[in-house]
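Colleague:
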Amino acid sequence: MAGDTIDRLVDSLTRGEKLALVRGAADPTGTATGYVPGVERLGIPPLRLVDGPLGVRIPGRPATAFPAPIAVASTFDPATAYRKGAAMAREAAVRNQDILLAPGLNLIRVPHCGRNFEYYAEDPILTGSFAASAVEGIQSEGILATPKHYVANNQETNRVTVSAAVSQRTLRERYLPGFHDAVDAGAGAIMTAYNRVNGTHMSEHRELVTDVLKEEWGFDGVVISDWYGTESTVAAANAGLDLEMPGVEPDEQIGGAAEEEAAEQPTAFEAFADGMPDPANFGLFGEPLSAAIDSGAVPESRLDEMVRRVLGAMDRLGRLDGDRPAGELDTPEHRALAEELAARGTVVLENDGVLPLAPETDIAVIGPNVHEATLGGGGSSETTPCVTTTTAAGLRDRAEGAVTVCRGHAEIEDISFFDVLAGKSTGRTDGEETETDFDSAADAAARAEVAIVVVRDRATEAKDRESLALPGEQDGLVEAVAAANDRTVVVIQSSGPVETPWRDSVAAVVEAWYPGQADGAALAAVLYGDIDASGRLPVTFAPATEYPASDPGQYPGVDGRATYSEGVFVGYHHFDASGTDPTYPFGHGCSYAAFAYRDLTVTGDAIVELTVENTSDRDGCEVVQAYVCPPGSDIERPERELGGFAAVDVAAGTSERLRIDLDDRAFSYYDDGWVLESGEYTIEVGQSARDCPHALSLTR
Ligand code: BGC
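To convert a position in the sequence shown, counted from 1, into our numbering, add 66.
1) Just reading off the beta strand (DSSP E) that V520 is part of, what are its end residues?
2) Which word fits D665, buried or exposed, when buried means at least 16 other C-beta atoms lie within 10 angstroms of its C-beta?
3) Please identify the residue among D727, G90, S721 whose C-alpha is closest to the C-alpha of T681.
4) Does the ligand BGC have even one heavy atom less than 7 Å from the beta-carbon of D164?
5) Could you check the C-alpha separation between V373 and T258 for me, to the nearest Å?
6) Mark G601 as exposed unless 16 or more other C-beta atoms lie within 10 angstroms of its C-beta, in which case mark it buried.
7) Assuming R43 and L173 make a contact with CB atoms under 8 Å, what is their CB distance in whole Å?
8) What residue ranges within the region 690-739 form continuous beta strand (DSSP E) runs of no fewer than 3 residues, ordered along the chain?
9) Is the closest heavy atom of the ligand BGC to the C-beta of D292 under 7 Å?
10) If you follow the beta strand (DSSP E) that M760 is part of, which residue opens it and which one closes it?
11) To the nearest angstrom, report how far apart I165 and R723 are at their CA atoms.
12) Looking at the ligand BGC, does it come within less than 7 Å of E297, judged from the CB to the closest heavy atom?
13) Using only alpha-carbon positions, find the residue among V689, S657, S744 that is nearest to D700.
14) Please classify E477: does DSSP put it in a helix, a strand, or coil?
15) Report the option in G739, V690, V714, I726 whose CA atom is closest to the CA atom of S754.
16) Could you check the C-alpha separation between A713 and R522 for me, to the nearest Å?
17) With DSSP as the reference, please indicate the residues paired to H215 in a beta bridge.
18) So what does DSSP say about K84, is it helix, strand or coil?
19) What is the residue span of the beta strand (DSSP E) that A230 lies within?
20) How is A628 classed by DSSP in three states: helix, strand or coil?
21) Taking V88 as the reference, which of H475, D757, A303, R569 has the closest Cα?
22) Evaluate W740 with the Cβ neighbour count: other Cβ atoms within 10 Å of its Cβ, from every protein chain shown; 16 or more gives buried, anything less gives exposed.
23) Hey, how far is the Cα of Q559 from the Cα of L386?
24) Going by alpha carbons, who is nearest to E406 out of A158, R627, D344, D596?
25) Can E527 be considered in contact with the ligand BGC, in the sense that its beta carbon sits closer than 7 Å to one or more heavy atoms?
26) My guess is that P112 and G104 are in contact by the Cβ rule of under 8 Å, so how many angstroms apart are they, rounded?
27) Can you grab the Cα-Cα spacing for the pair P422 / N347, in whole Å?
28) For the alpha helix (DSSP H) holding V768, just list the boundary residues, first then last.
29) Secondary structure at M257, three-state DSSP: helix, strand or coil?
30) Where A511 and N220 are concerned, what is the direct C-alpha to C-alpha distance, given to the nearest angstrom?
31) Do the region 155-165 and the region 484-504 make contact, defined as three or more Cβ pairs closer than 8 Å?
32) Could you give the distance in angstroms between the alpha-carbon of P177 and the alpha-carbon of L309?
33) Using only the heavy atoms of the ligand BGC, determine whether one of them is closer than 7 Å to the beta carbon of D387.
34) For A514, does the count of other Cβ atoms within 10 angstroms reach 16, so buried, or fall short, so exposed?
35) For V226, which option in S291, D757, G203, Y185 has the closest C-alpha, if you only look at C-alpha atoms?
36) Rounded to a whole number of angstroms, what is the C-alpha to C-alpha distance between V636 and A392?
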């Protein structure tokens with residue numbers, strides 16, 4: 067449909083109809099997280115928005131529960147984000163939805179952030195590659211993507227009120243690039259964050275929403291508020307916010323909680339007080355917007371632009387012409403994809419040779435939650451799977467030796483504001499009693515050839531983790547098992563970095579993140595070496611006090627301000643600058659195969675080429691990382707920045723030639739515009755930010 071048809075529609079709409087198109091309403095089918103009613107007399111259909119980014123979240127209606135985005139990013143292969151996005155979109159289509167509230171792409175700044183599992187990485191180029199691929203994948207199936215949360219939503223503590231005090235350079239070099247890449251990939255919508263940036267709420271941040279996003283980057287889609295994140299009428303409308311969500315009070319917003327639970331909602335808002343929006347923030351784009359237009363505070367043309375963008379979204383999807391993708395749900399392909407991504411995203415952090423396991427090995431499977439699949443953290447990304455493989459069941463199915471299963475520790479209970487809403491939990495974890503049975507765990511371990519102990523953290527939207535330590539007495543459990551069996555493999559299922567105080571006394575450490583519905587099957591594929599261990603860390607692991615944002619002024623902030631005083635030195639950039647050795651560096655992961663790099667070259671236009679030889683007798687997958695080290699500079703710059711990367715399958719004893727294009731942004735800094743300094747750069751090529759033995763020189 068052409069733009070002039072949209073103009074004609076805008077001309078035909080009454081003020082009331084226009085207002086209804088820019089404010090969410092209750093979905094009569096009770097499925098959507100957010101709903102925009104159509105205008106029947108003009109053939110404008112309704113729009114349904116539904117949560118991702120782990121799977122399609124409709125309470126009571128199952129969907130494939132994919133691994134968390136941080137696990138997907140660990141593949142270092144953006145095509146995985148495309149495939150997952152496309153599959154989620156097909157499932158959204160079956161449920162009659164139009165817009166997915168995904169991908170989540172905030173940069174991982176604070177290791178404790180409760181939502182790190184919903185995001186990709188601490189590095190902007192890695193984040194941007196995955197975000198762009200996810201957008202393309204989702205939109206390839208007739209569903210719009212909504213990159214979120216724009217921008218600097220890097221903590222859950224006080225997420226609605228906190229102001230990120232962050233410089234222009236830091237925004238441009240760290241927090242904005244992922245969104246820019248998502249926009250360049252054609253994202254049809256974008257969700258503003260709850261937090262403030264330099265004092266202004268993102269839903270009313272004219273500079274970032276209109277000047278940067280819409281004008282500078284040319285974003286022509288819909289800017290949607292986070293749920294109850296519209297803070298005003300005039301400021302938000304004039305700043306460029308196009309659609310208020312959910313627009314209705316909590317008890318009308320069926321997608322968030324079942325109707326009968328609505329009466330309990332105020333309790334949940336209290337229990338998560340530091341992280342929940344004000345549920346009274348609704349209806350600001352209804353009558354109040356009309357009044358603001360009448361008074362001249364908001365130009366009428368602004369309402370027309372908002373409507374044009376919403377209609378444009380429908381038009382892009384072909385909905386104004388009656389097109390609807392059929393989609394598909396829980397197919398064998400989706401199940402296989404969920405398993406493949408979870409396996410490829412699993413990172414072997416240490417391995418003294420105990421892995422991969424021989425099939426006939428007698429194993430003990432130990433851990434508080436081995437009788438379930440670890441789906442994800444709490445909050446708006448919770449997905450109800452159609453089918454799950456528990457950790458224990460997956461290992462039992464694959465093992466050919468004896469398998470003993472023992473929990474050894476009370477279950478680590480998830481926390482979720484939906485459970486609090488439903489009165490099933492208080493949402494509090496303090497004072498929790500932990501029952502342990504280390505003796506049984508140690509007995510089971512002692513009788514097995516290899517002990518596999520599976521531990522986990524607990525994370526949720528609207529709360530940050532209190533520490534990076536494993537909750538309960540899980541460190542004690544690992545120690546008890548390791549003391550009983552010197553071939554102990556620790557498998558961590560976590561939202562982000564955790565502390566691993568026992569790592570020197572175990573034979574292997576494996577990070578499986580939140581693997582989703584295929585949990586045990588994916589883990590078995592990695593532990594038994596059915597695929598190579600090709601996952602790599604998208605985030606640095608270190609003790610909590612050594613991360614950049616570890617002083618209270620930086621995180622969680624003082625007097626409502628979180629000062630990003632570390633500037634561009636986020637993640638590995640900080641560890642490089644401070645000279646501190648992380649526990650496991652960014653990009654790290656141990657393959658079962660072995661690789662040699664040969665014939666490395668870099669061209670003047672910043673293309674690295676090399677031959678990767680698999681020198682082992684196993685087929686493998688190598689992740690090659692190329693870092694850009696700037697010349698001596700007038701300004702303080704990180705020692706190295708990831709410029710490009712590639713994941714490549716290399717069969718045993720063979721070689722592959724590959725090419726990595728380095729991103730200009732890795733060469734540049736921002737000073738009121740991007741500056742690419744001339745001089746001699748070093749391009750380091752290797753296997754992690756701390757293991758780059760190949761140096762090439764490039765003059766630019
Ligand atoms: C979250 C968003 C989510 C929305 C709708 C908010 O609490 O921050 O990520 O899409 O709720 O469920």
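Positions of the beta carbon are idealized from the N, C-alpha and C atoms, including for glycine.
Modeller: Taking the definition as stated:
1) As a position in the sequence shown, residue 520 is number 454, starting the count at 1. Looking at the DSSP string, the run of the beta strand (DSSP E) that includes V520 is 516-522.
2) Numbered from 1 along the sequence shown, position 599 holds the residue referred to as residue 665. Label assigned to D665: exposed.
3) Residue numbering aside, residue 681 sits at position 615 when the sequence shown is read from its first letter. Comparing Cα-Cα distances from T681 to each of D727, G90, S721, the minimum goes to S721.
4) Here residue 164 refers to the residue found at position 98 when the sequence shown is read from its first residue. Answer for D164: no, Cβ out of range of the ligand BGC.
5) For the purposes of this step, residue 373 is taken as residue 307 along the sequence shown, with counting starting at 1. For the purposes of this step, residue 258 is taken as residue 192 along the sequence shown, with counting starting at 1. Answer to the nearest angstrom: the Cα atoms are 18 Å apart.
6) In the sequence shown, counting from the first residue as 1, residue 601 sits at position 535. Classification of G601: buried, given that the 10 Å Cβ count is 16 or more.
7) Only positions 67 to 766 of the chain appear in this structure, which leaves residue 43 out of reach.
8) 707-716, 721-727, 734-736
9) Stepping through the sequence shown from its first residue, residue 292 is reached at position 226. True, at least one ligand heavy atom lies under 7 Å from that Cβ.
10) By one-based count along the sequence shown, residue 760 stands at place 694. Note that residue 760 is His in the sequence shown here, rather than Met. Taken as a continuous stretch (DSSP letters only), the beta strand (DSSP E) holding H760 covers 760-765.
11) To locate residue 165, count along the sequence shown from 1; it is residue 99. To locate residue 723, count along the sequence shown from 1; it is residue 657. For I165 and R723, the distance between alpha carbons rounds to 40 Å.
12) Counting from one through the sequence shown, the residue named residue 297 turns up at place 231. False, no ligand heavy atom lies under 7 Å from that Cβ.
13) If you number the sequence shown from 1, residue 700 lands on position 634. Of the listed residues, the one whose Cα sits closest to D700 is S744.
14) For the purposes of this step, residue 477 is identified with residue 411 of the sequence shown, where counting begins at 1. Residue state, collapsed to three classes: coil.
15) Position 688 of the sequence shown, counted from the start, is the residue given in the question as residue 754. Comparing Cα-Cα distances from S754 to each of G739, V690, V714, I726, the minimum goes to V690.
16) Position 647 of the sequence shown, counted from the first residue, corresponds to residue 713. Position 456 of the sequence shown, counted from the first residue, corresponds to residue 522. Their backbone Cα atoms lie some 27 Å apart in a straight line.
17) Here residue 215 refers to the residue found at position 149 when the sequence shown is read from its first residue. Looking at the DSSP assignment, H215 forms no beta bridge with any residue, so it has no partner.
18) For this step, residue 84 is matched to residue 18 along the sequence shown. Helix at K84.
19) Residue numbering aside, residue 230 sits at position 164 when the sequence shown is read from its first letter. Note, A230: beta strand (DSSP E), 229-231.
20) Counting from 1 along the sequence shown, the entry for residue 628 is found at position 562. Three-state DSSP puts A628 in a strand.
21) Locating residue 88 in the sequence shown gives position 22, counting from the first residue. For V88, the nearest C-alpha among the options comes from A303.
22) To locate residue 740, count along the sequence shown from 1; it is residue 674. Classification for W740: exposed.
23) Stepping through the sequence shown from its first residue, residue 559 is reached at position 493. Stepping through the sequence shown from its first residue, residue 386 is reached at position 320. Their backbone Cα atoms lie some 44 Å apart in a straight line.
24) Here residue 406 corresponds to residue number 340 of the sequence shown, with the count starting at 1. Checked all of A158, R627, D344, D596; the closest Cα to E406 is D596.
25) Counting from one through the sequence shown, the residue named residue 527 turns up at place 461. Checking the Cβ of E527 against the ligand BGC gives yes.
26) Your numbering for residue 112 matches position 46 in the sequence shown. Your numbering for residue 104 matches position 38 in the sequence shown. Rounded, the Cβ-Cβ distance is 4 Å, consistent with contact.
27) By one-based count along the sequence shown, residue 422 stands at place 356. By one-based count along the sequence shown, residue 347 stands at place 281. Spanning the two alpha carbons is a distance of roughly 53 Å.
28) Residue 768 is absent from the structure shown; the chain starts at 67 and stops at 766.
29) On the sequence shown, position 191 is the one that residue 257 refers to. Of the three classes helix, strand and coil, the one that applies to M257 here is strand, per DSSP.
30) Position 445 of the sequence shown, counted from the start, is the residue given in the question as residue 511. Position 154 of the sequence shown, counted from the start, is the residue given in the question as residue 220. Straight-line Cα distance between these residues: approximately 40 Å.
31) no
32) Taking the sequence shown and counting its residues from 1, the one referred to as residue 177 is at position 111. Taking the sequence shown and counting its residues from 1, the one referred to as residue 309 is at position 243. Those two C-alpha atoms are separated by around 32 Å.
33) In the sequence shown, the residue the question calls residue 387 occupies position 321. Flag unset: Cβ of D387 not near the ligand BGC.
34) Here residue 514 is taken as the residue at index 448 of the sequence shown, counted from 1. Classification of A514: buried, given that the 10 Å Cβ count is 16 or more.
35) Counting from one through the sequence shown, the residue named residue 226 turns up at place 160. With distances taken between Cα atoms, V226 lies closest to S291.
36) Indexing the sequence shown from 1 puts residue 636 at position 570. Indexing the sequence shown from 1 puts residue 392 at position 326. Using only the alpha carbons, I get a separation of about 43 Å.
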